[in-house]
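Reading through the structure tokens given below for one structure.
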Amino acid sequence: MAGQGIHRREILRILGTAAAAATFPGFSKWGFACGHVGNAALQIKPAEYHPQFFSAAEYAMIERLSEIIIPSDQTPGAKEAGVAEFIDFMVSNDPERQYPFRTGLVWLNSHSERLHGKPFPELTPAQQLSVLEPLGFKGKARPGEELGRKFFSLMREYTVTGFYTSEIGFKELDNPALKFYSDSPECPHKGDTEHRHLPQPKS
Amino acid sequence: MAKQIYDVIVIGTGAGGGMAIKTLCEAGLKVCALNAGRRLDPEKDFRFHRMPWDMKFRGLGDPKGESFGYMDNEYTKAAWDHEIPFTVAPGTKWFWPRCSAVGGKTNFWGRSSARFGDIDFKAASLDGYDVDWPLTYAEIDPFYTRVEKMIGVASTVQNRPSNPDGTYLPPFNFRCLDYILELGCKKVGVPYLPDRCAQLTQPHEGHPACHYCGECTTGCDVGAFFSSPYFLLPKAEATKNLELRTNALAKNVLVDENGQAAGVAYIDRNTRQEVEVYGSAVVVAAGCVESSRIMLNSKSRHWPNGIANSSGQLGRNLCDHLYGESARGYLPQLLGQPSFPDHVADSTIAWMPRWQNLNNAHEEDFIRGYSVYPDGGCSEFPWFAHALDGFGSSFKREIKRRYPTPVTFGIQAPTLRSDKNFMDLDPEVKDPYGIPVARMHFEWDENTLKMWEHSKQVCADVLKAAGGELEALGDAPEIPGWSLHETGTCRMGNDPKSFVTNRFGQAHDVANLYVCDASVFLSCTDKTTTISILAFTLRTSEHLIENFRRGDHKAA
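Residue numbers (this note's numbering), protein chains in the order written: chain A, 123 to 325; chain B, -18 to 537.
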């Protein structure tokens, strides 16, 4: 049955993505009809993404923050997964989140000016990190930055959600939901049910 | 033209309605079934096998939209009824979606399928609270066996006093986390066993085996777990004795000049017109609270307080399962290990079946007992990430390292019958069709909250004994209604003064009115309700057929 299922899955995906893509505001990266659909005729051409909610300057900050939170390193990060597009789309549909995001970005710029005399986007990468670390690491928290920590936490939540619900995020974790199984999957370490002597993970 | 009279009108097509329809149709009775919503088309309406990035809101749903429960999500939205509201009395919280699609919640249910036992039926004799059920396990046992054969349940024979064994398909294999937690449970002295899961581990009765995609709660395209539209309704339709009317929202049961059931008035939701359909008997199987709402709305000069409500107990004695995450943590043994398909049956691979108050009904500082569903490992989304510290490459690496390790413990604890917990009709609020809506009155009782506290300690102990790291104990249980296991508003019993239905689920006051859902249960026990709805409905349906044969109800 698994083979039949995989086939059906592809069909559903092709139907679903084509129909759904027609109603969407032209994403460049969350690619309905992205890689997994092999049929070129159904592929949607990546368009330049036009933010639905954020201004161009705000959107650039959202992009930058998402890339700092989940960077492109040995594996693709928030940039490749189009996380900023996801955040803009979700926030544009969620009036309750618009104010916290917008005021959070304002706070970050004015805070950067207080510390370094320039708004956040004009800081060097090292300065940007030095502004964000006290907001994102509990051990580095400083008094007086509660609003910033709250905003950063919101930003991080949306970045994590956007990244790990993308195909790139699924691949990052080798998410088992990418496959079907012909039998009920079974623990491969039957000789070591305590799991005290597993092969060391690759670092 | 003479009006058409069916043998039986059945309201609802879920576990209870579906089983009643199938059993009655196969016995040759002419059945008209009313379903409040439409038929689902698996190809169009089931959005399983779509990845989050194929969904407009990544499966999270429109932030502006409403959701009434964990199953009411972007994948299944089309199936849930958002048009018929309910209200809550001051102080009550109730969170609760209703599925009006054909097949009801069986389209998406959790599939855990343990039998009730005498420890449940005779609980009152054991601990002195409330009353015993009006039947013994020996009477219902054969019906469970037939239902298990019909639907297929994967499990093992476990010889536990609280959980009678049945006939099972091969169980799900244990995952790494199951073996680790099983050892922890052994050290603490609590059971850790394969759950009873109605998900086919091998082809069964013409239904294909599971393909382990892990998306059961968004519906199954091949029918590899029990649902009414895959397992029951096709058999009924094959008899040609069924007429299924969809978008037919039952309004009230009609009565004849003697106050007996004569049919059902419903709203055709397409035309918004009221339609009447007539039958020699009526089965109400709309789901506990909805069934009671229909009966309370069935007022006539014979039944000024709702049909079959001379006892005044219709809508009373509402019970529910307290759900909640008792404890959460992770297993360091699995840090950095390759990902593993832990998600193939969500929480129903293993369970910790009731272990409390088994030798003595008063061993604990609460009576009765609860069960726990452990779950964890690689899930579709790494929820634990939100609780990790930091950002950047180290954060990203830590998420991957922790991915196989999370563990949660979900409690399923029954409430005790209470005069405070009931549903009635809202005196002011009506649905868009002018029908008074259900009003909920509910609070967790002290006994159930003691179970919740108890479970937090035990689950933390199990996790630690398993070598795990405890991250958090549950701060509060879910809002009432969350489990979708409401029971008890048409309880069955021998005394017509105290119970709405008799031991067969037949209304005491109205001999040709039957109730086939969890509302007839005296309590919700520590087990889930669906398989018992199926078994009790099979018994009720055969009783109804017998009554037809005896001439109690006129054949059409």
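C-beta atoms are modelled at their ideal positions from N, C-alpha and C, and glycine is treated no differently.
Burial state of residue i, where buried means 16 or more other Cβ atoms lie within 10 Å
i	result
Gln180(B)	buried
Ala243(B)	buried
Ala453(B)	exposed
Glu185(A)	buried
Asp202(B)	buried
Lys535(B)	exposed
Trp152(A)	Bear in mind that a pLDDT of 41 at Trp152(A), under 50, signals an unreliable position, so the number given afterwards is only what the model happens to contain. It counts as buried.
Thr137(B)	exposed
Ser513(B)	buried
Gly199(A)	buried
Ala219(B)	exposed
Phe273(A)	buried
Ala119(B)	exposed
Tyr149(B)	buried
Arg253(B)	exposed
Trp339(B)	Just to set this straight, residue 339(B) is Leu in the shown sequence, not Trp. It counts as exposed.
Ser232(A)	exposed
Val159(A)	Note on Val159(A): pLDDT 33, under 50, position unreliable in the model; the coordinate value appears next. Per the 10 Å Cβ criterion, buried.
Residue range of the beta strand (DSSP E) that includes residue i
i	result
Tyr(-13)(B)	Ile(-14) to Ile(-8)
Asp370(B)	Where Asp370(B) is concerned, there is no enclosing beta strand (DSSP E), given that its DSSP letter is neither H nor E.
Phe390(B)	Pro387 to Pro395
Gln254(B)	Gln254 to Val265
Glu224(B)	Leu223 to Arg226
Met404(B)	Phe403 to Lys411
Ala453(B)	Glu450 to Leu454
Selected residue, minimal CA-CA separation from residue i, among the options
i	options	result
Glu238(B)	Val491(B), Ile132(B) and Leu519(B)	Val491(B)
Phe300(A)	Trp284(B), Phe321(B) and Val138(B)	Sequence inspection shows Leu at residue 300(A); the Phe mentioned does not correspond to that position. Checked all of Trp284(B), Phe321(B) and Val138(B); the closest Cα to Leu300(A) is Phe321(B).
Leu519(B)	Thr199(B), Ala266(B) and Asn228(B)	Ala266(B)
Asn154(B)	Ser272(B), Asp176(B) and Phe38(B)	Asp176(B)
Phe27(B)	Gly469(B), Ala59(B) and His324(B)	Ala59(B)
Ala289(B)	Arg39(B), Thr470(B) and Leu316(B)	Thr470(B)
Asp99(B)	Asp(-12)(B), Pro152(B) and Ser143(B)	Ser143(B)
Glu257(B)	Ile512(B), Cys6(B), Ala14(B) and Thr509(B)	Ala14(B)
Pro417(B)	Glu271(B), Trp61(B), Trp34(B) and Gly(-2)(B)	Glu271(B)
Ala326(B)	Val481(B), Gly357(B) and Phe365(B)	Gly357(B)
Thr126(B)	Arg141(B), Ala95(B) and Tyr110(B)	Ala95(B)
Val128(B)	Gly147(B), Leu158(B) and Asp111(B)	Gly147(B)
Val264(B)	His30(B), Ala488(B), Leu164(B) and Arg472(B)	Ala488(B)
Ser328(B)	Leu339(B), Phe347(B) and Ser360(B)	Ser360(B)
His185(B)	Tyr173(B), Ile121(B), Thr198(B) and Phe207(B)	Phe207(B)
Tyr173(B)	Ala231(B), Lys431(B) and Ile161(B)	Ile161(B)
Asn228(B)	Asp249(B), Arg79(B), Asn140(B) and Pro210(B)	Asp249(B)
Lys216(B)	Thr(-6)(B), Thr68(B), Lys381(B) and Glu434(B)	Thr(-6)(B)
Pro193(A)	Pro222(A), Ser275(A) and Gly291(A)	Gly291(A)
Residue i - containing alpha helix (DSSP H), residue span
i	result
Pro256(A)	Pro247 to Gly258
Ile330(B)	It is not in any alpha helix (DSSP H) - Ile330(B) carries neither H nor E in the DSSP assignment.
Asp490(B)	Asp490(B) -> no alpha helix (DSSP H), and no H or E assigned at all.
Tyr173(B)	Unbroken run through Tyr173(B): none, as it is neither H nor E.
Val538(B)	Lying outside -18 to 537, the shown extent of chain B, residue 538(B) is not represented and no answer is given.
Lys(-2)(B)	This sequence places Gly at residue -2(B); Lys is not what is there. Start and end: Ala(-4) to Glu7.
Glu542(B)	This structure cannot settle anything about residue 542(B), because the visible part of chain B is limited to -18 through 537.
Glu73(A)	No statement about residue 73(A) is possible, as the shown extent of chain A runs from 123 to 325 and does not include it.
Ile184(A)	Ala178 to Ile191
Within-9 Å CB hit, residue i to chain E
i	result
His311(A)	As a matter of chain content, chain E is missing from the structure shown, whose protein chains are A and B.
>> Three or more C-beta pairs under 8 Å: does that hold for the stretch 333 to 346 of chain B against the stretch 296 to 315 of chain A?
In response: As far as the Cβ criterion goes, the stretch 333 to 346 of chain B does not touch the stretch 296 to 315 of chain A, which means the pair count is below three.
> Given a limit of 8 Å on CB to CB distance, which residues of the stretch 275 to 289 of chain A reach chain B?
Replying inline: So the list reads Arg278, Glu279, Val282, Thr283, Gly284, Tyr286, Thr287, Ser288 and Glu289, given in the order they occur along the chain.
>> Any C-beta of chain A within less than 9 Å: which residues of the stretch 147 to 161 of chain B qualify?
In response: Per Cβ criterion, the list reads Pro151, Pro152, Phe153, Asn154, Phe155, Arg156, Cys157, Leu158, Asp159, Tyr160 and Ile161.
>> Using a Cβ-Cβ cutoff of 8 Å, what residues of the stretch 355 to 371 of chain B are near chain A? List them in chain order.
In response: Those residues of the stretch 355 to 371 of chain B that come within reach of chain A (Cβ to Cβ, closer than 8 Å) are Cys359, Glu361, Phe362, Pro363, Ala366, His367, Asp370 and Gly371.
> Is it true that the stretch 153 to 171 of chain B meets the stretch 112 to 120 of chain B, where meeting means three or more beta-carbon pairs spaced less than 8 Å apart?
Replying inline: The stretch 153 to 171 of chain B, when compared against the stretch 112 to 120 of chain B, does not touch it at the 8 Å Cβ threshold.
> If you measure beta-carbon to beta-carbon, which residues of the stretch 172 to 188 of chain A are closer than 7 Å to chain B?
Replying inline: Listed in sequence order: no entries.
> Are three or more beta carbon pairs between the stretch 387 to 396 of chain B and the stretch 350 to 366 of chain B nearer than 8 Å?
Replying inline: The stretch 387 to 396 of chain B makes contact with the stretch 350 to 366 of chain B; the number of CB pairs closer than 8 Å reaches 3 or more.
>> Using 8 Å as the cut-off, can you tell me whether the stretch 288 to 302 of chain B makes contact with the stretch 91 to 105 of chain B, which would need three or more C-beta pairs spanning the two stretches below that distance?
In response: No, the stretch 288 to 302 of chain B is not in contact with the stretch 91 to 105 of chain B.
> Does the stretch 183 to 197 of chain B touch the stretch -18 to -4 of chain B, meaning 3 or more C-beta pairs lie closer than 8 Å?
Replying inline: With a cut-off of 8 Å, the stretch 183 to 197 of chain B and the stretch -18 to -4 of chain B do not count as touching, because too few Cβ pairs lie within range.
>> Whether or not the stretch 273 to 280 of chain B and the stretch 372 to 379 of chain B are in contact is what I'm after, with contact meaning three or more pairs of Cβ atoms, one per stretch, closer than 8 Å; do they touch?
In response: Contact fails: fewer than three Cβ-Cβ distances are below 8 Å.
> For the stretch 311 to 322 of chain B, which residues have a beta carbon sitting closer than 8 Å to at least one beta carbon of chain A?
Replying inline: Near chain A, meaning a CB-to-CB distance below 8 Å, the residues of the stretch 311 to 322 of chain B are Leu312, Gln314, Leu315, Leu316, Gly317, Gln318, Pro319, Ser320, Phe321 and Pro322.
> Just checking, does the stretch 81 to 96 of chain B make contact with the stretch 474 to 483 of chain B on the three C-beta pairs under 8 Å criterion?
Replying inline: Contact between the stretch 81 to 96 of chain B and the stretch 474 to 483 of chain B is absent, because fewer than three Cβ pairs lie under 8 Å.
> Should the stretch 426 to 442 of chain B be regarded as contacting the stretch 392 to 409 of chain B, the criterion being three or more beta carbon pairs within less than 8 Å?
Replying inline: Contact between the stretch 426 to 442 of chain B and the stretch 392 to 409 of chain B is present, because at least three Cβ pairs lie under 8 Å.
> Is there contact between the stretch -3 to 13 of chain B and the stretch 256 to 271 of chain A, where contact requires at least three CB pairs shorter than 8 Å?
Replying inline: Contact fails between the stretch -3 to 13 of chain B and the stretch 256 to 271 of chain A, because fewer than three Cβ pairs, one in each stretch, are under 8 Å apart.
> Which residues, in order along the stretch 296 to 308 of chain A, keep a beta-carbon less than 9 Å from a beta-carbon of chain B?
Replying inline: Those residues of the stretch 296 to 308 of chain A placed with their C-beta closer than 9 Å to a C-beta in chain B are Asp296, Asn297, Pro298, Ala299, Leu300, Lys301, Phe302, Tyr303, Ser304, Asp305, Ser306, Pro307 and Glu308, ordered along the chain.
> Which residues, taken in chain order from the stretch 164 to 176 of chain B, show a beta carbon closer than 7 Å to some beta carbon of chain A?
Replying inline: Within the stretch 164 to 176 of chain B, the qualifying residues are Leu164.
>> Please identify, using Cβ separations under 7 Å, the residues of the stretch 428 to 456 of chain B that lie next to chain A, in order along the chain.
In response: For the stretch 428 to 456 of chain B, which is checked against every Cβ of chain A, not one residue is closer than 7 Å.
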